[in-house]
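Those protein sequence lines, which keep their order, are chains A and B. No gaps in the numbering here: position 79 of the first sequence is 78 in numbering that gives the first Met the number 0, and each next residue is one more. No gaps in the numbering here: position 38 of the second sequence is 37 in numbering that gives the first Met the number 0, and each next residue is one more.
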Amino acid sequence: MYRYDEFDEALVRERAAQFRGQVARRLSGALKEDAFKPLRLMNGVYLQLHAYMLRVAIPYGQLDPAKLRQLAMIADRYDKGYGHFTTRQNIQYNWIRLADMPDVLDALADVEMHAIQTSGNCIRNVTSDHLAGAAADEIEDPRPWCEIIRQWSTLHPEFSFLPRKFKIAVTAAETDRAAVRVHDIGLHIRRNGDGEIGFEVIVGGGQGRTPHVGVTIRDWIAKAELLSYLEAIMRVYNRFGRRDNKYKARIKILVNELGPEAFAEAVDTEYAAQGVHEAVLLPQGEIDRITEYFASPDLPERPARSVTFEAARAADPALDRWARVNLRRHRTPGYTSAYISLKSQGEAPGDMTGDQMRVAADIAEQFGFGDIRVAHEQDLVLPHLAIDDLPEVHRRLRDAGLAASNAGLASDLIACPGLDYCNLSNARSISVGNAIQAVFEDPEFEERVGPLHINISGCINACGHHHVGHIGVLGVDKKGEEYYQITFGGRADEKAAIGDIIGPALKGDDVAPALRRVIAAYLDLRKGPGEKFIDAYTRLGPAPFKEALYAVD
Amino acid sequence: MSSARPRLAPETPKMVTAWDTATGRTVYMTPSREWSVNIADGAVLVGAAADDALAFAASDEGRATDPYVMQVSPLGEIDGREIIRETIRAVGPTNHPMFGKQAGNP
Ligand code: SF4
């Protein structure tokens, strides 16, 4: 994992000290809110419905036990015992007093963390595949590239005041688990015809008010050229992106208005015009230096099958189900990756208590080579576990209320904080999410339904990624009442698609019963257990699902 | 600087609400132009009195941030099209009732 050098350390410490002074001036009244707001936003501090909210950056979702324990300490000491993991692989605290913020930033700096660029019109936290470095299907580890981009983009003077916020994601697996096609820039690590590894560059994806799937503007670019090419994209955006209307300011609008070919041409022109002194050099030595930080842990050789685990699994149906649903294939025989689902029935999706964080940190330390990831689906992942250790890992997770066996299934839904916390919201996300989870309370039924992504946002800003849910749920306000617009057919993977709006919005209480009917229709219509909801929808189109959605019970 | 909330007619009863600058907690302006976390302490205002109170709130930046007027009944109960939002602000998140003010939290 990347370790701060003296520059990172000094930068984060100085920034925290600077913010301490700004907070003191705000509290004394010397600084008005108008002047303070942009300063606090640059440090990840929002003012939400009930309190200040702090968004902490977790670069590419990478944590270690020390970091997670510190996040637990912050949850307990400065919040109400919780943290909330977000779809940008970050964590948010909902109850921090402004006066405590500087101490929290110092506590974060103690474990090489910060809240810089988690807000504002800058390049935000670079996200990635939460199984990076462990997945059997990746070409190479994408995290060094996330780190290289993080270093290039952090406080980049030219890109600190972009027309709007800017999000980059990197994946290196054929199965896209990082949703790269719905980012401002998505990078897909691929081989070219000669077998060399480089990047497919996808631009102009995004969600929010005007969702777009990104378009490929370069099939392949060499590693050494990546930063110069990214810089060319950012320059074209910075120069031509609209600043007159915040709803039209994202790069997706520019790409759409110019057309992908013209946009690509503008980038190529900018790229070609970069003089020697302007190109961002990325020597192989530097790539190697960063890559070393992400070396795979030293995994002792183990047999591919574990007799201990097989026996425990046969004796414990709960372990058996958890193993069937929450484990993912590791590239090394005898090892596996496990999801820690933060989607227990009735809990706020993505919420984790300080005690639970400490349990996860202990497990990672004892069994998981100190590696913990945050998935953009608001779950945690232990990427490297010996299969032999799974019975004990499962027992500890179960004792901590962390063994929900639903990874990738319907109740593992994404939901933003919605109207319970968010100042921009139209409607609650958590309560409607909990009602939908209850439809899948019977784990056998949920497994029978199979892989299904239900994504919920409390407003059109789409933090809950509703546009790319197989089933999307968007909160809308109708004269003071909470309604929910339903979409079907969205997906965030390598076949990314924006969901179809199906019809009039439903009242909050009607959403879960309506989706129960939709699921019943799917089970009737599918070719067999192997046909996923999203595939059945693609084959059949909206009509039968729409009929079920609006049918009367 | 005020939140963009629905415009209310002058004769509509309203209350000035904001965020406590130090803690971020929801606060309401009292008849004596103090701030209280308890909505029951808030002053019910109409017409020019509401405009004056809001102007005062906007100048009281050290204590209260981002004030605006919210609709209430003549008796000071939350009313109008933002009932759900303002109820959640007044009592706390519905998914964690123990965090809310009804559970005795400030
Ligand atoms: S989608 Fe809307 S309601 Fe949900 S967190 Fe984002 S801004 Fe808030």
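Glycine is no exception: its CB is placed at the ideal position from the N, C-alpha and C atoms.
- Positions of the beta strand (DSSP E) runs, each at least 3 residues long and wholly inside the segment 159 to 193 of chain A, are given as 167 to 170, 184 to 190 in order along the chain.
- Contact between the segment 329 to 338 of chain A and the segment 258 to 269 of chain A is absent: fewer than 3 CB-CB pairs across the two stretches fall below 8 Å.
- Under DSSP, residue 127 (chain A) forms a beta bridge with A:169.
- Interface flag for residue 98 (chain B) against chain A is set, since a Cβ pair is found closer than 8 Å.
- Counting other Cβ atoms within 10 Å of its Cβ, residue 83 (chain A) reaches 16 or more and is therefore classed as buried.
- Interface flag for residue 61 (chain B) against chain A is set, since a Cβ pair is found closer than 8 Å.
- 60, 61, 64, 65, 79, 80, 81, 82: these are the residues of the segment 57 to 82 of chain B whose beta carbon lies less than 8 Å from some beta carbon of chain A, given in chain order.
- If you compare the alpha carbons of B:64, B:104, B:48 with that of residue 10 (chain B), the shortest gap goes to B:48.
- Residues of the segment 423 to 435 of chain A with a C-beta less than 7 Å from any C-beta of chain B: 427, 429, 430, listed in chain order.
- Two segments are said to touch when three or more pairs of C-beta atoms, one from each, lie closer than 8 Å; by this definition the segment 39 to 55 of chain A touches the segment 118 to 126 of chain A.
- Under DSSP, residue 417 (chain A) shares a beta bridge with no residue.
- Taking a contact to require three or more Cβ pairs closer than 8 Å, the segment 202 to 216 of chain A and the segment 484 to 501 of chain A qualify as touching.
- As DSSP reads the structure, residue 470 (chain A) sits in a beta bridge with A:453, A:487.
- Distances from the CB of residue 408 (chain A) to the heavy atoms of the ligand SF4 are all 7 Å or more.
- Distance between residue 361 (chain A) and residue 458 (chain A), taken at the CA atoms: about 37 Å.
- Residue environment: residue 484 (chain A) is assigned as buried (16 or more neighbouring CB atoms within 10 Å of its CB, all protein chains considered).
- Runs of the beta strand (DSSP E) lying entirely within the segment 181 to 268 of chain A and spanning at least 3 residues, in chain order: 184 to 190, 196 to 202, 214 to 221.
- Residue 28 (chain B) and residue 54 (chain B) have their C-alpha atoms some 12 Å from each other.
- Judged by their CB atoms, residue 322 (chain A) and residue 389 (chain A) are nearer to each other than the 8 Å cut-off.
- Nearest Cα to residue 283 (chain A) within the set A:1, A:75, A:310, A:147: A:147.
- For residue 161 (chain A), the CB contacts under 8 Å within the same chain, skipping 5 residues up- and downstream, are 120, 121, 122, 233, 236, 237, 240 in chain order.
- In the three-state DSSP reduction, residue 334 (chain A) falls in the strand class (E or B).
- Rounded to the nearest whole angstrom, the CA to CA distance from residue 286 (chain A) to residue 143 (chain A) is 8 Å.
- Under the 8 Å Cβ criterion, the segment 361 to 371 of chain A does not count as touching the segment 419 to 433 of chain A, having fewer than three qualifying pairs.
- Around the beta carbon of residue 482 (chain A), 16 or more other beta carbons sit within 10 angstroms, so the residue counts as buried.
- Classified as buried, residue 24 (chain B) has 16 or more neighbouring CB atoms from the shown chains inside 10 Å of its CB.
- Annotated as distal: residue 429 (chain A) and residue 379 (chain A), with beta-carbon spacing of 8 Å or more.
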